[in-house]
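Residue numbers (the numbering used here): 7 to 324.
What follows is a short report on a single structure.
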């Protein structure tokens with residue numbers, strides 16, 4: 007399975023420096039990682055795939071990259087957006103062996119490596135200790151194909167992109183993420199039922215004391231319940247944006263560090279072309295000023311379309 011798995015970092019015009027930073031961080035924190043390639047824009051890098059078409063067309067850039075990967079003999083790909091590099095040591099064994107092994111054993115089409123066990127909303131059932139509390143996502147969960155770092159079956163991702171490129175005029179990453187969850191009859195039988203999400207803290211490279219683990223798990227579970235109850239109850243109207251903002255600040259649902267096999271911060275390095283303020287505060291408080299400086303240096307130098315910026319309540323629509 008390891009030999010059939012690769013990493014694809016997607017970039018586009020304006021985020022090339024971010025993609026190259028993510029590549030360096032993967033080299034730094036992910037030991038013996040699978041072959042890594044970059045796609046989507048013209049990049050002076052030996053790992054870059056040949057660019058084809060408009061570098062602002064995110065879907066086409068990734069789709070062309072998938073064609074190249076299939077020709078190279080790969081079946082599975084860790085798709086990683088340009089500004090979602092790991093922030094600490096990854097669990098190389100889980101990323102290189104465990105998760106690709108689950109892809110074959112469970113006949114999965116998608117396994118997110120961003121844990122369900124943190125504050126952001128999720129939906130599904132745990133498969134128990136045998137699979138380290140891996141969550142099988144609900145087939146009607148809108149964000150079951152989220153673009154935060156995940157291992158994809160290449161043919162499944164290609165099919166989704168083909169459908170969306172025909173259906174949608176906007177080929178951004180955000181459109182892909184929001185619209186992929188609406189595909190049901192367009193996808194082969196079973197695909198919507200075979201998407202998964204890891205339990206992050208169970209697969210973290212840095213050991214977490216049991217007391218802390220269960221304390222955080224309980225707090226995050228309560229926050230997920232409260233957020234869903236306050237913001238996403240069955241009613242005709244969503245809460246007023248001002249009220250929703252207060253809930254976000256109180257529950258800190260925008261400030262989430264995902265411990266797990268691939269440690270990452272929610273929304274990545276940048277939002278709207280600027281350094282993610284929550285991430286900057288997290289790194290400064292942790293004394294990681296060198297890493298923060300690297301991220302600031304790679305920040306887009308000119309206005310560029312945000313890759314994954316979302317409305318305040320993304321991942322939590324009813």
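We put the beta carbon where it would ideally sit given N, CA and C, even for glycine.
Please read these numbers as outputs of a predicted model, since none were measured by experiment.
Query raised in the report: What's the C-alpha gap between residue 171 and residue 181?
Result: As a first step, residue 171 is located in the chain shown; it is residue number 165 there, counting from the start. As a first step, residue 181 is located in the chain shown; it is residue number 175 there, counting from the start. Whole-angstrom Cα-Cα distance: 10 Å.
Query - Backbone CA spacing between residue 309 and residue 20 [nearest angstrom] - result: For the purposes of this step, residue 309 is taken as the residue at position 303 of the chain shown. For the purposes of this step, residue 20 is taken as the residue at position 14 of the chain shown. Low confidence applies to residue 309: its pLDDT is 41, below 50, so where it sits in the model is not reliable, and the reading given next is rough at best. When rounded, the distance between both Cα atoms is 8 Å.
**Report entry** Of the listed residues 265, 9, 152, nearest to residue 102 (C-alpha basis)
**Finding:** For the purposes of this step, residue 102 is taken as the residue at position 96 of the chain shown. Checking every option, the nearest Cα to that of residue 102 belongs to 9.
Requested in this report: Could you check which residue in 96, 221, 14 has the C-alpha nearest to that of residue 78?
Outcome: Against the chain shown, residue 78 aligns to sequence position 72. Checking every option, the nearest Cα to that of residue 78 belongs to 14.
Query raised in the report: Is DSSP giving residue 182 helix, strand or coil here?
Result: As a working mapping, residue 182 is identified with position 176 in the chain shown. Looking at residue 182 - three-state DSSP - the assignment turns out to be helix.
Requested in this report: Answer yes or no: do residue 159 and residue 88 have a C-beta to C-beta separation smaller than 9 Å?
Outcome: Residue mapping note: residue 159 aligns to position 153 of the chain shown, counting from 1. Residue mapping note: residue 88 aligns to position 82 of the chain shown, counting from 1. Against a cut-off of 9 Å, the Cβ pair of residue 88 and residue 159 comes out as no contact.
Requested in this report: Could you please give the first and the last residue of the uninterrupted alpha helix (DSSP H) stretch that includes residue 35?
Outcome: For this step, residue 35 is matched to residue 29 along the chain shown. Start and end: 22-35.
Report task. Would you mind sorting residue 242 into buried or exposed? The rule is 16 or more other CB atoms within 10 Å of its CB. Result -> On the chain shown, position 236 is the one that residue 242 refers to. Its pLDDT being 47, under 50, residue 242 is placed unreliably in this model, and the value from its coordinates should be taken loosely. Per the 10 Å Cβ criterion, exposed.
Report task. Starting from the Cα of residue 154, find the closest Cα among 204, 209, 81, 144 and give me that residue. Result -> Residue numbering aside, residue 154 sits at position 148 when the chain shown is read from its first letter. Looking at the Cα atoms, 204 is the closest of the given residues.
Query raised in the report: Skipping 5 residues on each side, what residues in its chain have a beta carbon closer than 6 Å to that of residue 304?
Result: Numbered from its first residue, the chain shown carries residue 304 at position 298. Taken in chain order, the residues that qualify are 23, 24, 27.
Query - Cα-Cα separation, residue 60 to residue 72 - result: By one-based count along the chain shown, residue 60 stands at place 54. By one-based count along the chain shown, residue 72 stands at place 66. Using only the alpha carbons, I get a separation of about 16 Å.
Query raised in the report: Which of helix, strand or coil does DSSP assign to residue 137?
Result: Indexing the chain shown from 1 puts residue 137 at position 131. Here residue 137 sits in helix by DSSP.
Report task. Rounded to whole angstroms, what's the CA-CA distance from residue 133 to residue 108? Just pull it up for me. Result -> Locating residue 133 in the chain shown gives position 127, counting from the first residue. Locating residue 108 in the chain shown gives position 102, counting from the first residue. Going by the C-alpha atoms only, they are around 12 Å apart.
Query raised in the report: What are the boundary residues of the alpha helix (DSSP H) that includes residue 66?
Result: The residue you call residue 66 lines up with position 60 of the chain shown. Looking at the DSSP string, the run of the alpha helix (DSSP H) that includes residue 66 is 64-77.
Query raised in the report: Would a C-beta distance cut-off of 9 Å place residue 199 and residue 142 closer than the cut-off?
Result: Position 193 of the chain shown, counted from the start, is the residue given in the question as residue 199. Position 136 of the chain shown, counted from the start, is the residue given in the question as residue 142. Their beta carbons are under 9 Å apart, which means residue 199 touches residue 142 by this criterion.
Requested in this report: Identify the continuous alpha helix (DSSP H) that holds residue 4 and give its terminal residues.
Outcome: Missing from the structure shown is residue 4; the chain here goes from 7 to 324 and no further.
Report task. Can you give me the Cβ contacts of residue 130 inside the same chain, cut-off strictly under 6 Å, excluding the 5 residues immediately before and after it? Result -> Here residue 130 refers to the residue found at position 124 of the chain shown. Once the five neighbours on either side are set aside, the close Cβ partners of residue 130 are 141, 142, 143, 144.
**Report entry** Burial state of residue 218, where buried means 16 or more other Cβ atoms lie within 10 Å
**Finding:** On the chain shown, position 212 is the one that residue 218 refers to. Exposed is the call here.
Query raised in the report: Would you report the Cα separation of residue 185 and residue 75, rounded to the nearest angstrom?
Result: Here residue 185 refers to the residue found at position 179 of the chain shown. Here residue 75 refers to the residue found at position 69 of the chain shown. Distance between the alpha carbons of residue 185 and residue 75: 24 Å.
Report task. Rank 118, 91, 126, 176 by C-alpha distance to the C-alpha of residue 327 and give the top, closest one. Result -> Nothing about residue 327 can be read from this structure; the chain reaches only from 7 to 324.
Requested in this report: Give the DSSP bridge partners of residue 303, in chain order.
Outcome: The residue you call residue 303 lines up with position 297 of the chain shown. None; residue 303 has no bridge partner.
**Report entry** Separation of residue 42 from residue 266, as counted between CA atoms
**Finding:** Translated into positions along the chain shown, residue 266 becomes position 260. Translated into positions along the chain shown, residue 42 becomes position 36. Between residue 266 and residue 42, the C-alpha separation is close to 20 Å.
Requested in this report: Drop a sphere of 10 angstroms on the beta-carbon of residue 111, count the other beta-carbons inside from all chains shown, and report buried for 16 or more, exposed for fewer.
Outcome: As a working mapping, residue 111 is identified with position 105 in the chain shown. Residue 111 comes out exposed.
Query raised in the report: Which of helix, strand or coil does DSSP assign to residue 149?
Result: Counting from 1 along the chain shown, the entry for residue 149 is found at position 143. Residue 149 falls in the coil class under three-state DSSP.
Requested in this report: Please state whether DSSP places residue 204 in a helix, a strand or coil.
Outcome: Within the chain shown, residue 204 is the residue found at index 198, counting from 1. Three-state DSSP puts residue 204 in coil, outside helix and strand.
Query - Inter-residue CB distance, residue 271 and residue 93 (contact presumed, cutoff 8 Å) - result: The residue you call residue 271 lines up with position 265 of the chain shown. The residue you call residue 93 lines up with position 87 of the chain shown. Right, their Cβ atoms sit about 6 Å apart.
Query - Contact check, residue 169 vs residue 148, beta carbons under 9 Å - result: Numbered from its first residue, the chain shown carries residue 169 at position 163. Numbered from its first residue, the chain shown carries residue 148 at position 142. Not in contact: residue 169 and residue 148 (Cβ atoms no closer than 9 Å).
Report task. Quick one: give me the first and last residue of the beta strand (DSSP E) that residue 163 is part of. Result -> One-based indexing of the chain shown puts residue 163 at position 157. Residue 163 -> not in any beta strand (DSSP E); alpha helix (DSSP H) instead, spanning 160-173.
Requested in this report: Identify, in the order they occur along the chain, each residue of the same chain with its Cβ nearer than 8 Å to the Cβ of residue 297, setting aside the five sequence neighbours on each side.
Outcome: To locate residue 297, count along the chain shown from 1; it is residue 291. These residues qualify, in order along the chain: 93, 289.
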